[in-house]
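Residue 1 is where the sequence shown starts when you use UniProt numbering, and the numbers rise one by one after that.
Okay, so here's the structure we're looking at.
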Amino acid sequence: MANNTFKYTQFKLEKLNKVEEILYELEEYKPLTLRQIYYQMVGKGFIPNNKSQYNMLSELLKWARIDCRISWNDIEDRSRFYNSPETDRSLDSFVKAWDDSYLSGFKLDYLASQQNYIELWYEKDAITSVIRKIASKYRLSTVAATGYNSITFQHDFTERINNKPDKQPVILFASDFDPSGLDMFESIQKTINDEMGFNNRGIIFRRVALSRKQIDEFHLPKSIDAIKPKDSRAPKFIKEYGNIAVEIDALKPSDLQRIVEDAVLEYIDPLLLEQKINEEKLVLLNIQEFLKDFYVFKVSRKWNLKVGG
C-alpha cells in the first residue's frame with residue numbers, strides 16, 4: 001500500500017462498499033467515470049446530491065485505487081486522452097497478432113441493404129462505452145459532439161450522406177437535459193439544414209435522451225452543477241421546463257442502452273438485418289475454410305521440401 005495520511009473512517013468504508021456494489025452491478029459497462037458512479041450513489045440514496053459529497057467521493061476513490069482497494073481498470077477519466085504509436089516487437093509477434101485477429105476484423109456493413117443511414121451523435125464522453133456497444137452491434141457510425149460540435153464535423157456528415165443519395169439520413173442524438181444540451185441539438189439542425197443548405201435532404205433529427213419524461217420515469221437526480229443565471233440560454237429553458245438540469249451520466253448505463261437501441265431499431269428493417277448477419281457468418285466460415293486449406297498446403301509443402309531436400 002502507498003504511504004499516505006488518508007483515514008478510512010467507518011463512514012467512508014461504508015460508502016466504499018456501496019461503490020463496490022455499483023461496480024459489480026455495472027460490470028459489463030466498466031470502466032465507469034467518477035460522475036457515473038456518483039449519480040448511481042445518489043440515485044440509490046447512498047449519499048446526498050451536492051458538491052461536498054461529490055468531492056468526498058472523488059477523494060475516496062482516489063485513495064481506494066492508490067491503496068488497491070479498487071482496480072485502476074474500474075474507473076477512467078474520459079476527458080483526457082493518451083495516444084501512442086502502434087508497434088510490433090518482432091515479425092513473429094506481428095504474424096501472431098494478425099493470425100489471432102483476422103476473423104474478428106471482418107465486418108459487413110449491416111446498413112448497406114437498409115433504407116435508412118443512421119448515425120449516433122452524443123454530447124458527452126462519459127457515455128461513449130454505451131454508445132459504442134450499440135454502434136458495434138448494428139455497425140453504426142458515431143460522432144462525439146463534445147461541447148458545441150465543429151462545423152468541420154457537420155460538413156463531414158454532409159459528405160457522408162452525399163455519398164449515399166438513395167438513403168434516408170437519420171441522426172439520433174443523446175445529451176444532458178440542460179440549456180446547452182437542448183440548444184446544441186437545435187444548433188446542429190440549424191447549421192446543417194439552414195446554413196449549409198441541406199433542408200431539402202429530409203434529414204431526420206431525433207433527440208432520444210435525455211428528456212423530462214425519462215427524468216421522471218427513472219427518478220433521476222438533478223445535476224450538481226446548477227443552471228447558471230448568466231447563461232443566455234437559461235431563461236428560455238427555465239420558462240419551458242423549470243429550474244431543473246440533469247446530466248445523462250445519471251441514467252443507468254443499461255437503461256441508456258435500451259433507450260438508444262430501441263430508437264435505432266425503429267429505423268432498421270429486422271429481416272434485412274438478419275440477412276446481413278447470416279451473410280457475414282457464411283463469409284466467415286468460407287474464410288476459415290480457405291485459411292485451413294492454406295495452412296495445410298503450406299505445411300505439406302514445407303514437409304515435401306524437407307523430404308526431397
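Where is the CB? At the ideal position from N, CA and C, for every residue including glycine.
Every value quoted in this text rests on a predicted model; they were computed, and no experiment measured them.
Secondary structure at Tyr122, three-state DSSP: helix, strand or coil?
For the purposes of this step, residue 122 is taken as the residue at position 122 of the sequence shown. In the structure shown, Tyr122 sits in a strand (DSSP, three-state: E or B).
Starting from Ser141 and walking both ways along the beta strand (DSSP E), at which residues does that stretch end?
Start at 1 with the first residue of the sequence shown, and residue 141 comes out as number 141. Residues Ser141 to Ala144.
Can you tell me whether DSSP reads Val307 as helix, strand or coil?
Taking the first residue of the sequence shown as position 1, residue 307 is located at position 307. At Val307 the pLDDT is 48, less than 50, meaning the model places this residue with poor confidence; the figure from the coordinates comes in the next sentence. Reduced to three states, the DSSP call for Val307 is helix.
Span of the alpha helix (DSSP H) around Arg212:
Translated into positions along the sequence shown, residue 212 becomes position 212. Taken as a continuous stretch (DSSP letters only), the alpha helix (DSSP H) holding Arg212 covers Arg212 to Phe218.
Tell whether a beta-carbon distance below 8 Å holds between Phe106 and Ile287.
Reading the sequence shown from its first residue, position 106 is the one you call residue 106. Reading the sequence shown from its first residue, position 287 is the one you call residue 287. In contact: Phe106 and Ile287 (Cβ atoms closer than 8 Å).
Assign Met184 to one of three DSSP states: helix, strand, or coil.
To locate residue 184, count along the sequence shown from 1; it is residue 184. If DSSP states are grouped into helix, strand and coil, Met184 belongs with the helices.
Are Leu140 and Ile171 closer than 8 Å when you measure CB to CB?
Taking the first residue of the sequence shown as position 1, residue 140 is located at position 140. Taking the first residue of the sequence shown as position 1, residue 171 is located at position 171. Not in contact: Leu140 and Ile171 (Cβ atoms no closer than 8 Å).
Taking Arg132 and Pro169 to be in contact with their CB atoms under 8 Å, please state how far apart those CB atoms are, rounded to whole angstroms.
Numbered from 1 along the sequence shown, position 132 holds the residue referred to as residue 132. Numbered from 1 along the sequence shown, position 169 holds the residue referred to as residue 169. Not quite, the Cβ-Cβ distance comes to about 21 Å (not below 8 Å), so this is no contact.
Spatial neighbours of Tyr38 in its chain, beta-carbon cut-off 7 Å, leaving aside the 5 residues before and after:
Indexing the sequence shown from 1 puts residue 38 at position 38. Closer than 7 Å at Cβ, skipping near neighbours: Tyr54 and Leu57.
What are the residues that DSSP puts in a beta bridge with Asn116?
The sequence position of residue 116 within the sequence shown is 116, counting from 1. Bridge partners of Asn116: Gln168.
Taking all protein chains shown into account, decide if Val307 is buried (16 or more other Cβ within 10 angstroms of its Cβ) or exposed.
As a first step, residue 307 is located in the sequence shown; it is residue number 307 there, counting from the start. Residue confidence for Val307 is low, a pLDDT of 48 falling below 50, so the modelled location carries little weight; the figure read from the coordinates is stated next. By the neighbour-count rule (16 or more Cβ atoms within 10 Å), Val307 is not buried but exposed.
Can you find at least 3 beta carbon pairs, one from the stretch 269-277 and one from the stretch 174-190, that sit closer than 8 Å?
no
Are there any heavy atoms of the ligand FAD lying less than 7 Å away from the beta-carbon of Asn73, as far as the coordinates show?
By its list of ligands, the structure shown contains no ligand whatsoever, and the ligand FAD lies outside what it can speak to.
Rounded to whole angstroms, what is the Cα-Cα separation between Asp240 and Arg206?
Translated into the one-based positions of the sequence shown, residue 240 becomes position 240. Translated into the one-based positions of the sequence shown, residue 206 becomes position 206. With the sequence shown as reference, residue 240 is identified as Glu, and Asp is not the correct amino acid for it. About 19 Å.
Can you grab the Cα-Cα spacing for the pair Lys137 / Glu159, in whole Å?
To locate residue 137, count along the sequence shown from 1; it is residue 137. To locate residue 159, count along the sequence shown from 1; it is residue 159. Approximately 24 Å, taken between the alpha carbons.
Considering Phe205, what are the terminal residues of the beta strand (DSSP E) in which it resides?
Along the sequence shown, one-based indexing puts residue 205 at 205. Boundaries of the beta strand (DSSP E) around Phe205: Ile204 to Ala209.
Count the other CB atoms within 10 Å of the CB of Asp176; is the residue buried (16 or more) or exposed (fewer)?
Start at 1 with the first residue of the sequence shown, and residue 176 comes out as number 176. The residue in question, Asp176, is buried, as its Cβ has 16 or more Cβ neighbours within 10 Å.
Neighbourhood of Gln114 by C-beta distance below 7 Å, restricted to the same chain and skipping five residues each side:
Looking up residue 114 in the sequence shown gives position 114. These residues qualify, in order along the chain: Ile268, Asp269 and Leu272.
Find the nearest neighbour of Ala135 within the set Ile151, Leu111, Thr146 and Gln154, judged by alpha-carbon distance.
In the sequence shown, residue 135 corresponds to position 135, counting from 1. Nearest of Ile151, Leu111, Thr146 and Gln154 to Ala135, Cα basis: Leu111.
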